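Per numbering that gives the first Met the number 0, residue 0 is the first one in the sequence shown, and the count goes up by one each step.
By construction, the Cβ of each residue, glycine as well, lies at the ideal position given by its N, Cα and C atoms.
Just so it is clear, the structure is predicted and the values come from calculations on it, not from any experiment.
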Amino acid sequence: MGQLARAGAVACAVALSVWLATTSEKGENNNNNNNNNNNNNNNSEKGELPGGEGRKLSQGLLSAACLNPQVSSGQFENTPASPGLKLVGVSVLQRHLDRWLYKHSLIGNVCWPGQLNSSVESSQLAAEQCHSKLSSVWQEWPRQPDPYARPLYGSCSVWGDSHQGPPQATKQGRQHASFWGDMLKTQYVDRWKLVSPTCTLGDIALHCDKAQKNEITLQTVYKSICGRLPSSLQYAPEATLVGFVTEPMRGTPWYVQSAQCSGTRLAELTAEAEKARQADVEWNARIRATASRLAKASGRTAAPGSPSDAASFLDILIDCTIVHACTGLPDVPPSLLNSRTSLPEDQGGSLFSQVNQDETSSRVYNLNYFRRTNQSAFVEYASLYYGYYLAAIGHRLSLAALREGPVLTVDVMSDSNISPLLAIYQLDEAMKVRPPYLSALVHELYRDESGRELFVRVLYNGQVQQVCPGRISSSECPWAEWSQLVAKFMPSKETCPQFYTDFDWSGGKYHRRFSDDMTR
Numbered sequence: 000m001g002q003l004a005r006a007g008a009v010a011c012a013v014a015l016s017v018w019l020a021t022t023s024e025k026g027e028n029n030n031n032n033n034n035n036n037n038n039n040n041n042n043s044e045k046g047e048l049p050g051g052e053g054r055k056l057s058q059g060l061l062s063a064a065c066l067n068p069q070v071s072s073g074q075f076e077n078t079p080a081s082p083g084l085k086l087v088g089v090s091v092l093q094r095h096l097d098r099w100l101y102k103h104s105l106i107g108n109v110c111w112p113g114q115l116n117s118s119v120e121s122s123q124l125a126a127e128q129c130h131s132k133l134s135s136v137w138q139e140w141p142r143q144p145d146p147y148a149r150p151l152y153g154s155c156s157v158w159g160d161s162h163q164g165p166p167q168a169t170k171q172g173r174q175h176a177s178f179w180g181d182m183l184k185t186q187y188v189d190r191w192k193l194v195s196p197t198c199t200l201g202d203i204a205l206h207c208d209k210a211q212k213n214e215i216t217l218q219t220v221y222k223s224i225c226g227r228l229p230s231s232l233q234y235a236p237e238a239t240l241v242g243f244v245t246e247p248m249r250g251t252p253w254y255v256q257s258a259q260c261s262g263t264r265l266a267e268l269t270a271e272a273e274k275a276r277q278a279d280v281e282w283n284a285r286i287r288a289t290a291s292r293l294a295k296a297s298g299r300t301a302a303p304g305s306p307s308d309a310a311s312f313l314d315i316l317i318d319c320t321i322v323h324a325c326t327g328l329p330d331v332p333p334s335l336l337n338s339r340t341s342l343p344e345d346q347g348g349s350l351f352s353q354v355n356q357d358e359t360s361s362r363v364y365n366l367n368y369f370r371r372t373n374q375s376a377f378v379e380y381a382s383l384y385y386g387y388y389l390a391a392i393g394h395r396l397s398l399a400a401l402r403e404g405p406v407l408t409v410d411v412m413s414d415s416n417i418s419p420l421l422a423i424y425q426l427d428e429a430m431k432v433r434p435p436y437l438s439a440l441v442h443e444l445y446r447d448e449s450g451r452e453l454f455v456r457v458l459y460n461g462q463v464q465q466v467c468p469g470r471i472s473s474s475e476c477p478w479a480e481w482s483q484l485v486a487k488f489m490p491s492k493e494t495c496p497q498f499y500t501d502f503d504w505s506g507g508k509y510h511r512r513f514s515d516d517m518t519r
């Protein structure tokens with residue numbers, strides 16, 4: 000894999016720096032009052048959005064297990080960017096808003112004895128959460144009975160492609176997404192002046208998974224930033240919705256989803272890691288032990304027998320706990336909750352914390368296995384599983400800096416998209432637990448006052464992350480170093496041909512040459 004891709008990434012960094020140096024405007028104020036002042040977002044009252052006085056979060060949702068702490072605290076970043084930098088491009092990968100439960104056949108759609116559901120007869124609170132319009136600007140969905148409410152009807156499901164009642168966005172989720180969109184507006188429209196107040200055509204790129212909860216999240220965030228809903232003419236479904244076009248095709252956002260390299264090599268590496276998982280006595284024993292504790296806490300006589308079913312059981316009961324407790328339903332087993340807040344107990348040593356960590360470890364097991372045993376295989380597997388998305392982010396940021404592409408991109412996917420990237424970056428602390436609702440992995444590109452230096456800053460849920468090897472103090476990573484890191488995780492043309500043929504590398508003069516080099 001890789002010499003051409005790695006060389007191309009380094010060349011891209013050099014060429015972009017030269018271009019910026021020769022085109023930087025003289026006398027431009029690059030600071031934008033950015034970092035010599037205190038971060039306005041940090042002064043907000045807990046639970047109230049900066050710039051949105053009087054708008055409060057749902058009562059009690061100050062739990063890191065329920066909601067991105069950025070949103071619940073109103074604090075966008077824990078550390079401001081270094082002085083003397085100008086923001087030139089941003090890429091946001093975020094989880095969707097709060098939703099109702101998925102259908103779970105493994106538990107027969109029974110979380111625990113006496114569970115409440117979204118029927119009026121069971122819970123007026125839950126029923127009211129889903130009495131909103133189901134359609135987005137891109138699609139319409141008929142309502143389907145909540146599988147957890149049968150034989151009652153329930154209101155919290157939509158008719159999906161699988162006809163199995165995927166969960167829908169909740170009322171409080173829409174509120175939280177609106178808050179998050181307001182925070183993005185405060186940061187990137189008001190403070191940094193990156194996006195124009197009118198959201199000029201071409202300023203913002205939008206992508207999301209083809210699902211009701213994701214589409215509602217995306218349009219709500221956009222409305223908070225721009226003051227209007229996105230237009231399906233400007234943001235066509237095939238260019239916006241991941242999965243609307245089922246095969247990789249240039250001009251569609253297929254690359255925003257993980258595991259899109261269709262060659263045999265990804266399947267071979269996955270099979271190797273899964274075989275190792277089955278033989279991992281220590282890991283399987285831990286998963287089974289945690290599943291047994293959880294089964295007892297949820298009123299069951301036993302947990303599923305196989306390790307794979309035990310891991311799925313952890314996943315399902317996390318879903319049950321998060322949806323019920325974070326929505327405010329008073330039916331969750333007390334051993335899963337904080338006794339003071341009645342929210343999921345996310346402190347170390349608690350049952351819920353252990354369940355969360357063990358289940359999340361199963362999601363990133365393959366990446367961690369190769370990282371422990373074979374660095375070369377780790378790089379190869381990571382590149383094929385999701386490394387190409389980091390390359391896409393690099394391309395986006397380059398075009399933004401060259402003023403030949405959107406300056407802000409928002410991708411709304413799921414927690415299962417964020418966790419692998421945290422693992423690829425080897426952010427051990429951040430990847431321990433499931434990303435809560437509206438979690439956000441943000442990449443920001445800055446240039447210095449001279450226009451000769453570029454820097455990348457990575458934030459996860461408001462915390463600056465050190466992603467470049469050997470850098471432990473600076474908030475930013477030099478563009479050349481970050482580009483080299485990304486190039487390492489770029490798949491080869493032989494193992495992921497569609498990334499070279501079906502990803503749109505056009506957009507700027509330099510990148511057209513770069514694309515030509517890569518596809519020769």
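Per-residue DSSP class, three states only, for residue i
i	result
Thr269	helix
Asp97	coil
Gly172	helix
Tyr424	coil
Asp279	coil
Ala258	coil
Pro316	Reading off the sequence shown, one finds Leu at residue 316, where the question assumed Pro. Helix, per DSSP.
Ala204	strand
Val455	strand
Leu484	helix
Ala148	coil
Ser223	helix
Lys85	strand
Glu44	Note on Glu44: pLDDT 37, under 50, position unreliable in the model; the coordinate value appears next. If DSSP states are grouped into helix, strand and coil, Glu44 belongs with coil.
Val378	helix
Residue j beta carbon less than 8 angstroms from that of residue i
i	j	result
Tyr388	Ala429	no
Phe243	Lys209	yes
Tyr385	Leu420	yes
Val157	Arg142	yes
Ser418	Val354	no
Ala176	Pro435	no
Asp501	Arg249	yes
Ser438	Arg94	yes
His394	Trp504	yes
Cys467	Leu484	yes
Leu92	Asn416	yes
Pro490	Ser361	no
Gly153	Ser117	yes
Closest residue to residue i among the options (Cα-Cα distance)
i	options	result
Asp345	Ile321, Asp330, Pro329, Leu366	Ile321
Ile315	Val70, Arg94, Ser104, Leu96	Ser104
Val220	Leu200, Arg173, Val255	Arg173
Asn373	Phe178, Thr494, Ser195, Ala275	Ala275
Glu475	Tyr147, Arg370, Leu86	Leu86
Ala399	Asn67, Ala126, Leu336, Val89	Val89
Lys295	Asn337, Ser71, Ala80, Trp111	Trp111
Glu523	Gln69, Leu453, Asn367, Arg149	The chain is shown from 0 up to 519; residue 523 falls before or after that span and cannot be answered.
His206	Cys198, Lys184, Thr199, Thr239	Thr239
Val411	Gln256, Asp308, Trp140	Gln256
Ser195	Val455, Gln464, Val406	Val406
Pro79	Leu133, Lys132, Trp191, Pro165	Trp191
Straight-line gap, residue i to residue j (C-alpha atoms, nearest Å)
i	j	result
Gln233	Ser121	42 angstroms
Phe75	Gly180	11 angstroms
Cys65	Asp357	18 angstroms
Tyr101	Ile203	31 angstroms
Pro477	Tyr424	16 angstroms
Gly469	Trp481	12 angstroms
Ser261	Lys487	19 angstroms
Ser223	Thr216	11 angstroms
Ser231	Trp137	6 angstroms
Val432	Ser311	15 angstroms
Ser108	Asp145	According to the sequence shown, residue 108 is Asn rather than Ser. Between Asn108 and Asp145, the C-alpha separation is close to 10 angstroms.
Leu538	Ala168	An answer regarding residue 538 cannot be provided, because it is not within the stretch 0 to 519 covered by the chain.
Arg149	Cys155	12 angstroms
Tyr499	Lys492	6 angstroms
Asp229	Ser473	According to the sequence as given, residue 229 is Pro; it is not Asp. Cα to Cα, the separation comes out at about 37 angstroms.
Leu334	Leu293	A small correction: the amino acid at residue 334 is Ser; Leu does not occupy that position in the sequence shown. C-alpha separation (whole angstroms): 9 angstroms.
Gln462	Arg456	10 angstroms
Leu183	Ala301	46 angstroms
Original post:
Do the segment 317-331 and the segment 275-289 make contact, defined as three or more Cβ pairs closer than 8 angstroms?
Top reply: no
Subject >> Stretch-stretch touch, CB-based, cutoff 8 angstroms, three pairs: the segment 442-457 with the segment 122-131 >> reply: no
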